[in-house]
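Below: one structure, written as structure tokens.
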DNA sequence: ATTGTAATTGAGACTCATTCTCAATTATAA
DNA sequence: TTATAATTGAGAATGAGTCTCAATTACAAT
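Chains as they are written, first to last, in the working numbering: chain A, 795 to 937; chain B, 795 to 937.
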């Protein structure tokens, strides 16, 4: 994401562009998969750039509110994020036998969720759907 | 749940039946909806029974491993549980602001998931759907 | 470019859920 | 009843995340 776009995003929120925020943005977008605040913070330090832990947490909140990244889960080890930008949303099927994870996407499923949210006056920003069961291969093995 | 069944459950895990564990079990099963460890702990104290916070946390872990209760979510305000038995399946909306959890159920949603599984040759046995976002109240506050 | 001012930063104090420690207690098999 | 291994509880420790506030900085106005 470009400096100018980011600046504009911040402006709309009455916030200022700072080096720290930009460093954090870039690092957050650099991850293809999941990441957590602490890892991001440590990697920023390692690369010589500077941004405090406090700023990392503050900026990640901003980025989430802007829809640039999203919270994937809260685990025992903290919050997990992933970038939204340039990432197609998908859900997961998890085979409890072999541990295989299949990704899938259903427009229909997304639409229905939107409708449900609308009905309840809930503003959904992300979701996690995990279907657990047995994949094709393991079903055959069971027989 | 009965004392003997519980004892048996513990035995299978090489664990002992204790008053504390039983008090915690009973209290956990007494909630129709969601509950959290701290609330459960305080209510146990209030009713004159005794069980330390440490035991509450330890026992809730055991109960989750046994499938008696399940983790509904981890929020900024802690872990939320609900009992598994005698509970119709439903999905959750989690307000990332206030931590409120709304339950919902959609036949349509369930059907579509079945179809998706069928197409992929996947035998689904359970699923978790969590929609994260802002509830009605918090949406108003944001404005 | 300079200045005024409000936003931002960082270090570390703080909070709060949860886990750990370990001596005292207790369930259970022998 | 006894031996012993599991369990308990009080409070210390941990760790993610937030808060405080003085110093710094972005940026609009001049």
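Using N, Cα and C, we set each Cβ at its ideal position, and we do this for glycine too.
To test your reading of the DSSP string, which unbroken alpha helix (DSSP H) runs of 4 or more residues are found completely within the stretch 868-922 of chain A?
Complete alpha helix (DSSP H) runs here, min 4: 901-914.
With a cut-off of 8 Å, do at least 3 Cβ pairs link the stretch 817-824 of chain A to the stretch 843-852 of chain A?
Because the criterion of three Cβ pairs below 8 Å is met, the stretch 817-824 of chain A and the stretch 843-852 of chain A touch.
Distance, residue 861(A) Cα to residue 923(B) Cα
About 20 Å.
Residue 825(B) by DSSP, collapsed to three states: which one?
Coil at residue 825(B), not helix or strand.
Measuring alpha carbon to alpha carbon, tell me which of 933(B), 898(B), 809(B), 893(B) ends up nearest residue 883(B).
Just measuring C-alpha positions, the residue of 933(B), 898(B), 809(B), 893(B) sitting nearest residue 883(B) is 898(B).
Residue 921(B) touches chain A at which residues, Cβ-Cβ below 7 Å?
Under the 7 Å cutoff, chain A gives 923, 924, 925, 926.
Using three-state DSSP, classify residue 837(B) as helix, strand or coil.
Reduced to three states, the DSSP call for residue 837(B) is helix.
Determine which residues of the stretch 889-905 of chain A have a Cβ less than 7 Å from any Cβ of chain B, and write them out in chain order.
So the list reads 896, 898, 900, 902, 903, given in the order they occur along the chain.
Within 10 angstroms of the Cβ of residue 871(A), are there 16 or more other Cβ atoms? Answer buried if so, exposed if not.
Exposed, because fewer than 16 other Cβ atoms sit within 10 Å of the Cβ of residue 871(A).
What does the Cβ neighbour count give for residue 881(A), buried or exposed, with the cut at 16 atoms within 10 Å?
Residue 881(A) is exposed by the Cβ-count criterion.
Give the interface partners of residue 918(B) over in chain A, defined as CB-CB distance under 9 Å, in chain order.
Those within 9 Å of residue 918(B) in chain A are 887, 925, 926, 927, 928.
Reduced DSSP category for residue 817(B) - H, G, I as helix; E, B as strand; rest coil
Shown here, residue 817(B) sits in a helix according to DSSP, grouped into three states.
Pull up the distance between the alpha-carbon of residue 916(A) and that of residue 890(B), whole angstroms please.
Spanning the two alpha carbons is a distance of roughly 11 Å.
Go ahead and label residue 929(A) buried or exposed: buried means 16 or more other beta carbons lie within 10 angstroms of its beta carbon, across all protein chains shown.
Result: buried.
Would the beta-carbon of residue 835(B) fall within 7 Å of that of residue 856(B)?
Contact flag unset, no.
Quick one, which residues of the stretch 855-868 of chain A are near chain B if we go by CB-CB under 7 Å, in chain order?
Hits within the stretch, in order: 865, 868.
For residue 744(B), the three-state DSSP class (helix, strand or coil)
Residue coverage of chain B in this structure runs from 795 to 937, which leaves residue 744(B) outside it and unanswerable.
Anything in chain A within Cβ reach of residue 910(B), meaning under 7 Å, just list it in chain order.
Contact annotation for residue 910(B) against chain A: 898, 900 [CB-CB distance below 7 Å, chain order].
Which class does residue 866(A) belong to by DSSP, given the choice of helix, strand or coil?
Reduced to three states, the DSSP call for residue 866(A) is strand.
Using 7 Å as the threshold, is the C-beta distance between residue 926(B) and residue 920(A) below it?
Yes, these two residues count as a Cβ contact at 7 Å.
Alpha carbons only, please: which of 826(B), 852(B), 822(B), 869(B) is nearest the one belonging to residue 838(B)?
Nearest C-alpha to residue 838(B): 822(B).
Using the beta-carbon of each residue, which ones in chain B are nearer than 8 Å to residue 942(A)?
Summary: the structure shown does not reach residue 942(A), with chain A confined to residues 795 through 937, and so no result is reported for it.
Along chain A, in chain order, which residues have C-beta atoms closer than 8 Å to that of residue 827(B)?
Ordered by position in chain A, no residue passes the 8 Å Cβ test against residue 827(B), which lies about 17 Å from the chain.
Is residue 828(A) buried or exposed, if buried means 16 or more other CB atoms sit within 10 Å of its CB?
Counting C-beta atoms within 10 angstroms of its own C-beta, residue 828(A) has fewer than 16 neighbours from the protein chains shown and is therefore classed as exposed.
Beta-carbon neighbours of residue 842(A), restricted to chain B and to distances below 9 Å
The contacting residues do not exist; residue 842(A) stays about 32 Å from chain B at best.
With a threshold of 7 Å between beta-carbons, can residue 815(B) be considered close to chain A, or not?
The beta-carbon of residue 815(B) is placed no less than 7 Å from the nearest beta-carbon of chain A.
Please list, in chain order, all residues of the same chain as residue 853(B) whose beta carbon is under 6 Å from its beta carbon, the five residues on each side excluded.
815, 818, listed in sequence order.
Just curious, the alpha helix (DSSP H) that residue 801(A) is in, first and last residue?
Per DSSP, residue 801(A) belongs to the alpha helix (DSSP H) from 797-806.
On a CA-only basis, which of 858(A), 826(A), 831(A) is nearest residue 803(A)? Give me that one, please.
For the residues 858(A), 826(A), 831(A), the minimum Cα distance to residue 803(A) belongs to 858(A).
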